[in-house]
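Accompanying notes for the structure given below.
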Amino acid sequence: MCSSPDSTLALTNQVFLHPADADALSVASESSPVREKSYISFKDHIFTFRANDKIAQGFVGLSSIQRQSVNVSLNEAIPVTTYVPNSENIFLGTLKVDVDFLSKNKKVSDKYEAKDLKEAFVRTLEQHILVVGQRVVLDFKGNNLLFRVSEVQVINIAELNKAVDDRKKVATETRFGILIPETEIIFEKAAGSQINLSGSTASGGNKIFRPDWNFESMGIGGLNKEFADIFRRAFASRIFPASVVQKLGIAHVKGILLYGPPGTGKTLMARQIGKMLNGKEPKIVNGPEILNKFVGQSEENIRNLFKDAEAEYRTKGDDSDLHIIIFDELDAICRARGSRNDSTGVGDTVVNQLLAKIDGVESLNNILLIGMTNRKELIDEALTRPGRLEVHMEISLPDEQGRFQILRIHTTKMRNNKFMDDDVNLEELATLTKNFSGAEIEGLVKAATSYAFSRQIDPKNMTKPLDPEQMRVTKADFAQALGDVKPAFGVETDEFENCMRNGIIDYGESVKQLLDSGNLFTRQVANSNRTPLISILLEGTAGSGKTALAARLAKDSDFPYMRLLSPETLVGYSEAAKCAKITKVFEDSYKSPLSVIVVDDIERILEYVPIGPRFSNAILQTLLVLFKRIPPKGRKLFIIGTATRKEVLQEMDFTDCFSAVLTAPVIKNYSQFKTALAELKLVEDAELHKAASSFTSETITIKKLLMITEMARQGEKSGTVERFIKLMTEYQSPV
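Every letter in the sequence shown is one number past the one before it in the numbering used here, and letter 234, counting from 1, is 228.
Written out as structure tokens, the structure is:
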């Protein structure tokens, strides 16, 4: 090996041979698709060559950059062979090269357009074979630029002709290929370079996403739509070169606020977003960790989070890496200014410091803040406006498909290792786990596994050897676990069962009509997109079964979120606490796609008494507002109220809030009385007529009939009818 004849010829990026050697190595081949160039190969590199009489016979003239590429020294002896291209699958479709000044200390403020750079690159190197790792030098606008090939893809010309404009389908990654004018060239700024590139085929060198990430391996399930929205708002602009974004005149999104119920995956999504991006290692901080007892230290902690991003932005500008800062429990430090009762003012100054760093005079364009909270309403409004935490993403309870994905994630290892029985149907479990959050589904899997563990353990002999190979998590284990793990935003089964402990006594057409009307409203809420909010009032005589009927309608709806608001659930609360409790129940209902709330005995909740009269106006106004508030988009709410004194609600203009008013029936005639008595199974059929003949009133409520019936059951069975008739005579009175 020897040096190139002169520096000008070195810029051609060819190698030079003695004329005799050039003639000997120039062998034509009919199979070669390239005619105008000749190539030689040595040390895994392929070069075009030309004859030059300044080169001694038996030597190859290489520039210093070429010698560095192939790792050879002057006067080193290496074997050289002719290379003849013999395949159509050798032309470069895509070429990625790192660009830098040849002189490391060189600084030029001018921007180099990628379009002009490509023209010069192709003009000099057309028909050259470029190999991954190869270095070439070009003179561009009076400056020597160093290019290093980082990635190549070749295209099969024959296949490309069949699939016009479908270049990706016929591209193949390889080590080398022939440069042609049609090759797509992507110029990336080399690490630490001061060169300034711009244009559609120029890149700042920051590949924002790691190539190996996917949802399932990251443990994220049921959040595909949310992630797609986050990607569109926060990351799409970062994929394009900085020059394109500058020409659009926009700035990158700097902040995302993730909010929603506990356990839905906010923290998990934030952490995994940090892992899947190619930026710096995310800085994760819990909100309370920022606060410090020393004066000014809390603000200093905020400034320290941004220090690295500021230092890099000063040196690299828009080409600096992305710095991610994750704030968990953001409401702990960023509450609305002026809302705290302490006298220190630390909370307000922390918010001010954070605002100054995100969007102040010296704002950065290389940061991404991800904040998480369960209480979005507590966050200072200035922090959530555009330019700051401007992307607000609700991470809500997963739907059925999302629950299936989460179940798959949490059971992946036990399925792969054959520890889960074949009778476990994850799709069925996804159906049964309505309104379960991701954390609650994880708890369900743990609870099911605990039952499988317990079968392997003998509590009487804890030293008994275990047989892990025989352990299986079965369908029965998950069924038992469903009894242990209850969703926070699910159905309060016990309360509704307690309201219907005596069942619904269907004593006539009036009961059936009321239930049919109520179920019709239920179906309307579930199926109609025009009426996301429907409320009905069940009014009637005390003891007519309004609470039981309301509970029955709620249970028949099979909505995933059911709550009962009754005077019993609010006993001991102050007026303000009652308003807060009622508001929370309604706020929680908005987190579920379908919800039903039973507001029982509205007069008692309002603290109404006829003496005076007296009632709580604060509770009344709270209920009036909540009964009329339309749920958020994608949420539907069915409200069932019960009241004994409808006229009182009318005077308060409360009945205007209801879509319909239904009257709970009472037993009005002998036929209904006999049917109810038969349903209660107090006496045999032969004595039913005799017992029913005791009905002499105009009406009787089902509650009073139940009480009399149960009293008649006490004592000898032979005297049941007589006791019942006697009790009816004593306690029966017109309503």
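Just so you know, even glycine gets a beta-carbon here, dropped at the ideal spot from N, CA and C.
Note that this is a predicted model, so its numbers are computed, not measured.
1. Near D415, what residues of its chain come up, given a Cβ to Cβ distance below 6 angstroms and the 5 sequence neighbours on each side ignored?
2. Please classify R524: does DSSP put it in a helix, a strand, or coil?
3. Pick out whichever of Y307, K277, K310 has its Cα sitting closest to the Cα of I296.
4. Given a cut-off of 8 angstroms on the beta-carbon distance, is the pair V54 and V9 in contact?
5. Return the CA-CA distance between R717 and K675, expressed in angstroms with no decimal places.
6. Please say whether S390 and G254 have beta carbons closer to each other than 8 angstroms?
7. With A672 and I719 assumed to form a contact (beta carbons below 8 angstroms), what rounded beta-carbon distance in angstroms separates them?
8. Can you look up R623 in the DSSP assignment and give me helix, strand or coil?
9. I'd like to check one pair, L5 with L191: are the Cβ atoms closer than 8 angstroms?
10. So, D594 versus T636, is the Cβ gap smaller than 8 angstroms?
11. Could you give the distance in angstroms between the alpha-carbon of D679 and the alpha-carbon of Y501?
12. Are the Cβ atoms of S504 and F652 separated by less than 8 angstroms?
13. Which residues in the same chain have their Cβ closer than 6 angstroms to the Cβ of S144, if we skip the five residues on either side of it in sequence?
14. Using DSSP with H/G/I as helix, E/B as strand and the rest coil, what is I49?
15. Between the stretch 485 to 502 and the stretch 640 to 647, can you find at least three pairs of beta-carbon atoms closer than 8 angstroms?
16. Please say whether V385 and V247 have beta carbons closer to each other than 8 angstroms?
17. Among P526, A670, M366, which residue has its Cα nearest to the Cα of I694?
18. Answer yes or no: do S32 and F43 have a C-beta to C-beta separation smaller than 8 angstroms?
19. Could you check what DSSP says for V579 in three-state terms: helix, strand or coil?
20. Whole beta strand (DSSP E) runs in the stretch 639 to 721 with 3 or more residues, listed along the chain?
21. Would you kindly work out how many angstroms separate the C-alpha atoms of K370 and T168, rounded to a whole number?
22. Does the beta-carbon of Y602 have 16 or more other beta-carbons within 10 angstroms, so that it is buried, or is it exposed?
23. From the DSSP output, which residues share a beta bridge with G635?
24. So what does DSSP say about M408, is it helix, strand or coil?
25. Skipping 5 residues on each side, what residues in its chain have a beta carbon closer than 6 angstroms to that of I596?
26. In whole angstroms, give me the CA-to-CA distance for K407 and R524.
27. For a test of the three-state rule: what should DSSP assign to D159, helix, strand or coil?
28. Check the C-beta distance from S431 over to G628 and give it rounded, since I have them as a contact under 8 angstroms.
29. Short of 7 angstroms in beta carbon distance, which residues of its chain neighbour E388, apart from the five on each side in sequence? Order them along the chain.
30. Answer with buried or exposed for R397, where buried requires no fewer than 16 other C-beta atoms within 10 angstroms of its C-beta.
31. Under DSSP, the alpha helix (DSSP H) around F447 begins and ends at which residues?
32. If you check the beta carbons only, do I180 and F85 fall under 8 angstroms apart?
33. Which value, in whole angstroms, describes the spacing of the CA atoms of F580 and A264?
34. Determine the burial state of R329: buried for a count of at least 16 other Cβ atoms within 10 Å of its Cβ, exposed for fewer.
35. To which residues does DSSP link V249 through a beta bridge?
36. Return the residue from the list Q188, I661, L140 that minimises the CA-CA distance to G311.
Quick answer:
1. R466, T468
2. coil
3. Checking every option, the nearest Cα to that of I296 belongs to K277.
4. It is a contact, given that the beta carbons lie within the stated cut-off.
5. 15 angstroms
6. yes
7. The Cβ separation is near 16 angstroms, so there is no contact.
8. coil
9. No.
10. yes
11. 16 angstroms
12. no
13. K90, D92
14. coil
15. no
16. yes
17. A670
18. Yes. Within cutoff.
19. Correct three-state label for V579: helix.
20. 654 to 657
21. 51 angstroms
22. Burial call: buried.
23. L531, V593
24. helix
25. G635, A637
26. 44 angstroms
27. Per-residue confidence for D159 stands at a pLDDT of 45, beneath the threshold of 50, marking its modelled position as unreliable; no derived number is given.
28. S431 to G628, Cβ: 17 angstroms. No contact.
29. Y253, G254
30. buried
31. 432 to 450
32. no
33. Approximately 28 angstroms, taken between the alpha carbons.
34. buried
35. The amino acid occupying residue 249 in the given sequence is Gly; Val does not appear at that position. G249 is bridged to L363.
36. Q188
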